[in-house]
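To keep things clear, I will list the structure first and then write my remarks on it.
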Ligand code: PEP
């Protein structure tokens with residue numbers, strides 16, 4: 146089944162609002178490709194200026210995080226309706242930096258996936274193992290457990306529109322990429338898990354990205370694999386290289 150490719154940049158805590166607009170302008174011509182969904186997941190304060198800067202282009206706006214309540218006494222947080230009104234379509238959920246630095250667990254991640262769908266946002270739901278789990282050989286069980294927890298009570302129709310990002314933690318920001326075969330092994334396994342949890346049509350529809358030091362040099366090989374439908378890109382999303390990844 147043909148799935149539409151999705152290349153998303155995760156800008157993390159980089160770029161002030163003016164720098165964000167400058168980056169949009171720098172990348173504008175480089176990321177043109179009508180066959181690919183291109184997404185910039187940007188810091189909350191950059192969402193409004195980036196949405197304005199990409200208007201009329203093929204770029205979609207994403208957020209890096211949000212909280213599960215619509216409004217109220219949650220100092221420092223931002224809600225799904227706020228994101229939606231500002232033009233956000235995608236939101237990263239369960240990134241390893243949110244799990245490891247900010248203590249987010251699979252219960253909260255599942256709540257966020259539910260809330261995102263209820264609010265009309267498409268989750269980019271992250272999973273992946275640490276180096277210790279990879280070395281111990283238990284990474285497949287770990288990832289399977291993450292997927293099951295994070296998708297609790299999510300329907301097949303919702304999963305068909307979901308994006309799952311497989312991001313081995315040992316490959317994030319380290320310059321060490323999973324080989325294309327290592328990435329494909331896990332992305333294929335994730336699709337099989339979705340087939341088991343739901344059905345084959347759902348597994349065939351869900352889009353699965355690889356993330357972890359993807360760059361202009363390795364993107365084409367990773368993206369050539371049958372179960373890798375795109376990439377979640379950190380460091381290289383802040384550079385003209387991102388255009389080469391989009392067009393790899
Ligand atoms: C990420 O954090 O989502 C990521 C993939 O980062 P990098 O590309 O820098 O490894």
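Residue numbers (the numbering used here): 146 to 393.
Don't be surprised by glycine CBs; every beta carbon is placed ideally from N, CA and C.
* Asked: At a cut of 8 Å, does the segment 214 to 223 reach the segment 241 to 251 through at least three beta carbon pairs?
  -> no
* Asked: Beta carbon of residue 325: closer than 7 Å to some heavy atom of the ligand PEP?
  -> In the chain shown, residue 325 corresponds to position 180, counting from 1. Result no, Cβ not under 7 Å from the ligand PEP.
* To do: Provide the residue span of the alpha helix (DSSP H) that contains residue 227, from first to last.
  => Working through the chain shown from its first residue, we reach residue 227 at position 82. Per DSSP, residue 227 belongs to the alpha helix (DSSP H) from 225 to 230.
* alpha helix (DSSP H) runs contained entirely in the segment 356 to 391, provided each spans 4 or more residues -> 364 to 368, 386 to 391
* **Straight-line gap, residue 205 to residue 284 (C-alpha atoms, nearest Å)** => Against the chain shown, residue 205 aligns to sequence position 60. Against the chain shown, residue 284 aligns to sequence position 139. Residue 205 and residue 284: Cα-Cα distance of roughly 32 Å.
* Could you tell me if residue 260 is buried or exposed, where buried requires 16 or more neighbouring beta carbons within 10 angstroms of its beta carbon? => The residue labelled residue 260 in the question sits at position 115 within the chain shown. Burial call: buried.
* To do: With a threshold of 16 other CB atoms inside 10 Å of the CB of residue 197, please say whether the residue is buried or exposed.
  => Translated into positions along the chain shown, residue 197 becomes position 52. Exposed: under 16 other Cβ atoms inside 10 Å.
* Return helix, strand or coil for residue 158, following the three-state DSSP convention. => Counted from its first residue, the chain shown places residue 158 at position 13. In the structure shown, residue 158 sits in coil (DSSP, three-state: anything other than H, G, I, E or B).
* State the DSSP-derived secondary structure class of residue 153, mapped to helix, strand or coil. => Translated into the one-based positions of the chain shown, residue 153 becomes position 8. Residue 153 falls in the strand class under three-state DSSP.
* To do: Label residue 270 either buried or exposed according to how many other C-beta atoms from any shown protein chain fall within 10 Å of its C-beta, with 16 as the threshold for buried.
  => Residue 270 sits at position 125 when you count from the first residue of the chain shown. Classification for residue 270: buried.
* Which residues does DSSP pair with residue 185 in a beta bridge? -> For the purposes of this step, residue 185 is identified with residue 40 of the chain shown, where counting begins at 1. The partner list for residue 185 (beta bridge, DSSP) reads 154, 206.
* Which term fits residue 323, buried or exposed, when burial requires 16 or more other beta carbons within 10 angstroms of its beta carbon? -> Residue mapping note: residue 323 aligns to position 178 of the chain shown, counting from 1. The residue is buried, with at least 16 neighbouring Cβ atoms inside 10 Å.
* To do: In the DSSP assignment, find the unbroken beta strand (DSSP E) run with residue 310 in it and report its ends.
  => As a working note, residue 310 is residue 165 in the chain shown. Residue 310 -> beta strand (DSSP E) spans 308 to 311.
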